[in-house]
Each structure stands twice: as C-alpha cells, then as structure tokens.
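Below is one structure, written out as structure tokens; comments come after it.
Protein chains: 2
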Amino acid sequence: MTNTDIQQVTIDGETRLLAIIGDPIGQVKSPRTLNPRFAAAGMDTVLLPVHVKPELFDITVQGLMAVGNLDGIIVTVPYKARILPLIDEVLPMAAQVGAANALRRQADGRWCGDMFDGRGLVRGLRNAKINPAVRRVMLIGAGGAGSAVAVALADAGVSVLTIFDVDSNKADALARRVAVAFPACSVRTGPVDIPGHDTLINATPIGMAPGDGPPAPLDGLTSEVLVIDVIIKPDTTPFLDAARATGCRTFNGRLMLDGQAEELAAFFGAGERR
Amino acid sequence: MTNTDIQQVTIDGETRLLAIIGDPIGQVKSPRTLNPRFAAAGMDTVLLPVHVKPELFDITVQGLMAVGNLDGIIVTVPYKARILPLIDEVLPMAAQVGAANALRRQADGRWCGDMFDGRGLVRGLRNAKINPAVRRVMLIGAGGAGSAVAVALADAGVSVLTIFDVDSNKADALARRVAVAFPACSVRTGPVDIPGHDTLINATPIGMAPGDGPPAPLDGLTSEVLVIDVIIKPDTTPFLDAARATGCRTFNGRLMLDGQAEELAAFFGAGERR
Numbered sequence: 037m038t039n040t041d042i043q044q045v046t047i048d049g050e051t052r053l054l055a056i057i058g059d060p061i062g063q064v065k066s067p068r069t070l071n072p073r074f075a076a077a078g079m080d081t082v083l084l085p086v087h088v089k090p091e092l093f094d095i096t097v098q099g100l101m102a103v104g105n106l107d108g109i110i111v112t113v114p115y116k117a118r119i120l121p122l123i124d125e126v127l128p129m130a131a132q133v134g135a136a137n138a139l140r141r142q143a144d145g146r147w148c149g150d151m152f153d154g155r156g157l158v159r160g161l162r163n164a165k166i167n168p169a170v171r172r173v174m175l176i177g178a179g180g181a182g183s184a185v186a187v188a189l190a191d192a193g194v195s196v197l198t199i200f201d202v203d204s205n206k207a208d209a210l211a212r213r214v215a216v217a218f219p220a221c222s223v224r225t226g227p228v229d230i231p232g233h234d235t236l237i238n239a240t241p242i243g244m245a246p247g248d249g250p251p252a253p254l255d256g257l258t259s260e261v262l263v264i265d266v267i268i269k270p271d272t273t274p275f276l277d278a279a280r281a282t283g284c285r286t287f288n289g290r291l292m293l294d295g296q297a298e299e300l301a302a303f304f305g306a307g308e309r310r
Numbered sequence: 037m038t039n040t041d042i043q044q045v046t047i048d049g050e051t052r053l054l055a056i057i058g059d060p061i062g063q064v065k066s067p068r069t070l071n072p073r074f075a076a077a078g079m080d081t082v083l084l085p086v087h088v089k090p091e092l093f094d095i096t097v098q099g100l101m102a103v104g105n106l107d108g109i110i111v112t113v114p115y116k117a118r119i120l121p122l123i124d125e126v127l128p129m130a131a132q133v134g135a136a137n138a139l140r141r142q143a144d145g146r147w148c149g150d151m152f153d154g155r156g157l158v159r160g161l162r163n164a165k166i167n168p169a170v171r172r173v174m175l176i177g178a179g180g181a182g183s184a185v186a187v188a189l190a191d192a193g194v195s196v197l198t199i200f201d202v203d204s205n206k207a208d209a210l211a212r213r214v215a216v217a218f219p220a221c222s223v224r225t226g227p228v229d230i231p232g233h234d235t236l237i238n239a240t241p242i243g244m245a246p247g248d249g250p251p252a253p254l255d256g257l258t259s260e261v262l263v264i265d266v267i268i269k270p271d272t273t274p275f276l277d278a279a280r281a282t283g284c285r286t287f288n289g290r291l292m293l294d295g296q297a298e299e300l301a302a303f304f305g306a307g308e309r310r
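Just so you know, the protein sequences line up as chains A and B, in that order. Each residue of the first sequence is one higher than the one before, starting from 37 at the first, in our numbering. Each residue of the second sequence is one higher than the one before, starting from 37 at the first, in our numbering.
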C-alpha cells in the first residue's frame, strides 16, 4: 500500500456507508485513519464526514439511521451524550460513561451504542506492553474524556483510582458511577496527590493553549510514575515536559487516539476486538 | 489519470457530499462515473449510494437534506416523482415532466430540483453533432423516460413531436403538457407512423427482456431516419437491429446516459451547463 493509496477509497453502488457526525466536522481525521483499515480488511465500506447542525440534530440523525446501506455512526463533539436517547441498546460502558461514540445497526435492525474513548487508552497501554490491571491511577479531569478514561480503566482492573476535578461535584459524581459499576476498584476523589500512585493522567484540555501550565502542581512526582496526557495537539505539554524532566516514561494523546482507531475499526468489522 | 485512479476518491473531514438515492441502489453506476469528474474539476466532493427504503422515504430524505455538508441529491427509480413535494423550488423542466432527478442546495439554503433525463439525450445528440432543433420526432413511450425525452426535445426546438403509448391516455396527457409549455412545437398523439418523421425514438423498456421484439411495427422506416433507443442493457435491441438492417444511423441508451452524466456533473459544479 503506497502513501497515496492510504487516502483513497473506491465507491460504487454496492458500497456500505459509515458516518462520523459532529459540529464542526472539518477537523475530523477518522476517514483518513479508518478507511484504509476497512479496505485492508476487504470491506467495501467508507466512513464519511457528516456535519450535523445542533438545531437539526434529531431529524438528521434519525434520517441517517433510516438509510438502508448505512451500517454505523461514529459520534464526536458535541454529540456523545446527546446521542444516547436515539440508541435502542446502550451497551454497558456507554451507560456507565453517560455517552456513546460509536453506533452500529444489529442484524435485527436495532441500533446499539458503545463508548471507545477510554478503551482507546487501555488498548494503547496494552500495545505498549503496559498492563493496566492493578495499577494505581491519579486521574486529573472528570469531564467527557476523564469519565471515559475512568470507566475504561476501572473495567480494565486498575486497583486504585483517584479522581480530581476543579469542579469537585463532577469528580464525586464520576467516582460514584465507577464505584457502583466496579466494586473491586478502590475509587475516591481528592486533590492531586501523587505519592501512592504509579500512573498519572491528564484528561483536561489544560496544556492545549499557549501559556498553559500543568493542570495541577506535580509535587511528589518521581521517575517511577507513568505519565499520560490525552492532549494530541500540541505534541507535548508543560505537564509532559515536567514529567520528562523528572525522568518519567510519558505518552501523549496519540496513545489513546491510535488505540481508539483500532477499537473502532474492530467494532465495525475490521480487526480484532480485545 | 490511470484506470485505477478513475475509481478512487479521497475522503477527509472537509469533503463535501452528494447522495444518489434509490431502491434498490446496488446497481447504480453514477459514483464511478461522476466521482472522477468532480476530482478532475478540483472539487473535494464525493457521490455516495444511499439506499432509501420506500416506507422510510420522507424521514430519510429530510435527514439527508439537513446534513450540513451535503450539497445535492441525485434521484433514481422509484423516487423521481415522489421527491417533488420535498423540493422548495421545482425548476421548469422538472415541473413540466412531473419528476426531478437532481436536487441541489442553493446559497440561501433552499433546495431546487431539476430534471436531466431528457436533457441527457439532447446533449448526447449535440455531442454527436446532431442538432435536435427542427427535427420531426416520432416518440414511442410516454412513461417516465418518454416524458423526460418529450419535454427536453420540445425545449430543444424540435418542430414536430408525435407521441405513441399503448396507454393512449398517457400519451394524450404528455402531449397536453408539452403543448402548453412549448406552443411552437407541433405535438400530437397517434400510432407509430414513421413517414413524415426524421427521428424515431424508443423510450419504452421493450427490448430489454429476452424474446422482446420491437416496441411497434416499423413500417415505412427508411435509411434517412435517425433511430435512438434509450435502453442501455443489452447493448442492442430488436428495434436497433431492424433499424441497422434498414441502413439507419442508430444510437443506444449510452447516448442519453453519457450526455446525462455531463449534465449532472455540470449541475453540481464540475463542467459547463449548455
């Protein structure tokens, strides 16, 4: 497969469709990332960017779901929570996170929805030969990304999960949802307190904007701690810079993004679920 | 452009969408025909097959029309008449035919619809250096294809148009619509009576099925008559065979189909309207 082929797909009357919906839509990279995976798997399927306007959300999505040769929908900002009422069967992780980012039509015609944002991070860790089970995680951020990461990490068997958010109500609510779904995980909320943890994750957008510092003071950080940022752009952040200066192993948002591409491809039939 | 490139398109977040809707949809060739034209015109636009189920027609088409980055819809069987009530502005030829086969979103957000089936034949004739103006046409068939052909030929200035259909009510109704819209065209209905005409067109499906004969007796056919069949498959028909045996110049349905591809490409911004 040449570099050019990676961006190209073939469309004819038999082609099956997948849509990625969002507002705006121009920034999405999934068609370029996933279409070559479908082609490589021998699937005559293309993923298309579909701009859904907020004021037309229901009519547009219901129309897409009625298209006979449309097999699935990937959901991006700002619709991951808003999509839930349109899904016939919300799978457990999507229900626990309170959001879905992928839907597919089942053989019986009903639509099921699942959540892969956090699973992408888990898969990325496993790809890097890091077993998430029994890790002790300090998570910064309980918003959309933080919720998905928290649930997926608890599902993957982390032993300790401490959640911090500047909005302590959000952190508390997320911790309660995780505690109910995963009784074996010791989950609590509190300030960023690194000692006692072996993994530190930033799931806030702090670090994207010029002039941003780390999302929290990093007192007590030692080189044994694995440090992960979910931010993709820029490549590195003050948070990761500080961790590298301390000698930590670090990953930026690519770890989660690449893992998620594998999860989504598998959900739509190209590749293995894990 | 290599043979492989002709079938390939590039899709990313900025790509604009066009849909061809029908039931069934697997047989449509327009994506393979038109996508290379859009690419050649420098447009980041792809035409997709969209299977619209009859029982979900309104919800599906209204959903498509709400998609922010969907610029147009091509309509095929069985929806060319059913689409009309969903169009904000039905352009004159579509109104005269009573059917539309292409819609696009205007700058003001309203959808206009037009009919290119018959214009495809007119363009095909012009591409073959045949001027449709002042021709004397005997048209067999007043159904969907026949209606589109009749209106487009009248619009192109044929001087005589005689319409035959086994259902004489259909022929009469079509003749009335043409007469009202194009007073300069001498339109009438009657049996297939070739003398007095220089052009003979089959716009019925008779000739597609094995064992079919010509759609009508061809008494009086002479080699000066131009003979056109709208049938694409098979390549030739008993009607065209008889015409060739008489020494006539003949065209099969490719003339109309290729002309229509040019018309549709131009309607969506790739190429010249004529």
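Using N, Cα and C, we set each Cβ at its ideal position, and we do this for glycine too.
- For the region 153-180 of chain A, the full-length beta strand (DSSP E) segments reaching 3 residues or more read 172-176 along the chain.
- Taking the CA atoms as reference points, Ala130/B sits about 17 Å from Ala302/B.
- Counting only unbroken stretches of 4 or more residues, the alpha helix (DSSP H) elements lying wholly within the region 69-106 of chain A are 93-102, in sequence order.
- Per DSSP, Gly295/A is one residue of the alpha helix (DSSP H) stretching across 290-303.
- Excluding sequence positions up to five before and after Arg141/B, its CB lies within less than 6 Å of the CB of Asp107, Trp147, all in the same chain and listed in chain order.
- Listed along chain A, no residue sits closer than 9 Å to Thr81/B by beta-carbon distance, the nearest being about 12 Å off.
- Among the residues of chain A, none has a CB under 7 Å from the CB of Gly232/B; the nearest is roughly 42 Å distant.
- For the C-beta of Pro251/A, not a single chain B residue is nearer than 7 Å; the gap to the nearest is close to 28 Å.
- Counting only the Cα atoms, Ile109/A lies some 48 Å from Val202/B.
- Restricting attention to beta strand (DSSP E) runs no shorter than 3 residues, the region 226-272 of chain B encloses them at 235-238, 262-265, ordered along the chain.
- Burial state of Ala192/B is buried, judged by a 10 Å Cβ sphere holding 16 or more other Cβ atoms.
- Burial of Lys116/A is indicated by the presence of at least 16 other C-beta atoms within 10 angstroms of its C-beta.
- For a Cβ distance threshold of 9 Å, nothing in chain B lies close to Lys269/A: the least Cβ distance comes to about 14 Å.
- Around the beta carbon of Asn163/B, fewer than 16 other beta carbons sit within 10 angstroms, so the residue counts as exposed.
- When secondary structure is reduced to three states using DSSP, Gln132/B falls in the helix class.
- By the beta-carbon neighbour count (other beta carbons within 10 angstroms, threshold 16), Glu50/B is exposed.
- Taking the Cβ atoms as the reference, Pro253/A lies roughly 12 Å from Ile242/A, outside the contact range of under 8 Å.
- Val187/A sits in a helix when the DSSP states are folded into three classes.
- Taking 7 Å as the Cβ-Cβ cut-off, the region 107-119 of chain B has no residue approaching chain A.
- DSSP places Phe275/A in the helix class (H, G or I) of the three-state scheme.
- According to the DSSP secondary-structure assignment, Gln63/A is paired through a beta bridge with no residue.
- Contact between Val214/A and Val223/A holds, with the beta-carbon distance rounding to 5 Å and staying under 8 Å.
- Contacts with chain A at 9 Å (Cβ-Cβ) do not include Lys165/B.
- Measuring C-alpha to C-alpha distances from Gly179/A to each of Gly232/A, Ala207/A, Ser195/A, Pro168/A identifies Ala207/A as the nearest.
- The continuous beta strand (DSSP E) containing Arg140/B extends over residues 138-141.
- Each of Val196/B, Leu236/B, Ala77/B was checked against the Cα of Ser259/B, and the nearest Cα belongs to Leu236/B.
- Considering only Gly145/B, Glu125/B, Met151/B, Asp124/B, the residue with the shortest C-alpha distance to Val133/B is Met151/B.
- Annotation for Arg146/A: no beta strand (DSSP E) segment contains it, and DSSP assigns it neither H nor E.
- Approximately 4 Å separates the beta-carbon atoms of Ala77/B and Ala306/B; this is inside 8 Å, confirming the contact.
- Of the residues Arg68/A, Val88/A, Arg52/A, the one whose Cα lies closest to the Cα of Asp59/A is Val88/A.
- Contacts between Lys89/A and chain B, judged by CB atoms closer than 9 Å, involve Ala102, Val103, Gly104 in chain order.
- Taking 9 Å as the threshold, the shortest C-beta distance from Asn71/B to chain A falls below it.
- Only residues of its own chain outside the window of five on either side were considered, and among them Pro168, Ala188, Ala192 have a CB closer than 6 Å to the CB of Val158/A, listed in chain order.
- Where Arg52/B is concerned, the enclosing beta strand (DSSP E) starts and stops at 52-58.
- Between Leu54/B and Phe304/B, the C-beta spacing is below 9 Å.
- Apart from sequence neighbours up to five positions away, the residues of its chain that approach Val170/A with a beta-carbon distance below 6 Å are Ser195, ordered along the chain.
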